[in-house]
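Comments concern the structure below.
Numbering (our numbering), first residue to last: 6 to 160.
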């Protein structure tokens, strides 16, 4: 499991179980031409951050079904979804006491991304895994640098 920065809750000895509402999600790791696709969203306080495309999975959906829906809603695009690459968690600022556990899938786009601000996606950007924007989530940075950067370095 890929974990990013330490949470402020980790400073206590309390277990996370029972303190947070778990939320299942799916993210797309889309790579091409030595770059990874990132999307710019906003925290609850309005500050921007960069992450992988994707989001929450509804109770009646499989992770891949939810990811397909999220890609259409957020980026008006379709993708070929391949195998699971990793997992990471994210403690939300915008949802009180909510932690998402995202399954990350290797994906290839079948159409060009068009960010939808009404769905909380304000921009998309192809980034070099070694030169990610400063506001990239630590978990995403770790995944890109290890999984994507390492694979690209072997090319």
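Even glycine gets a Cβ: it sits at the ideal position worked out from N, Cα and C.
CA-to-CA distance, residue j to residue i, given in whole angstroms
i	j	result
residue 103	residue 27	6 Å
residue 60	residue 75	6 Å
residue 144	residue 93	7 Å
residue 153	residue 41	8 Å
residue 96	residue 85	28 Å
residue 63	residue 147	26 Å
residue 53	residue 130	14 Å
residue 134	residue 112	16 Å
residue 91	residue 25	22 Å
residue 80	residue 58	8 Å
residue 78	residue 69	14 Å
residue 65	residue 29	12 Å
residue 88	residue 49	31 Å
Per-residue burial, residue i [other beta carbons within 10 Å of its own, 16 or more giving buried]
i	result
residue 51	exposed
residue 117	exposed
residue 31	buried
residue 67	exposed
residue 122	exposed
residue 136	exposed
residue 120	buried
residue 71	buried
Residue i - partner residues in DSSP beta bridges
i	result
residue 53	47
residue 89	110
residue 130	43
residue 61	30
residue 69	DSSP lists no partner for residue 69.
residue 37	40
residue 84	114
residue 95	105
Whether residue i touches residue j by CB criterion (9 Å)
i	j	result
residue 109	residue 34	yes
residue 43	residue 82	no
residue 73	residue 125	no
residue 36	residue 142	no
residue 45	residue 128	yes
residue 132	residue 138	yes
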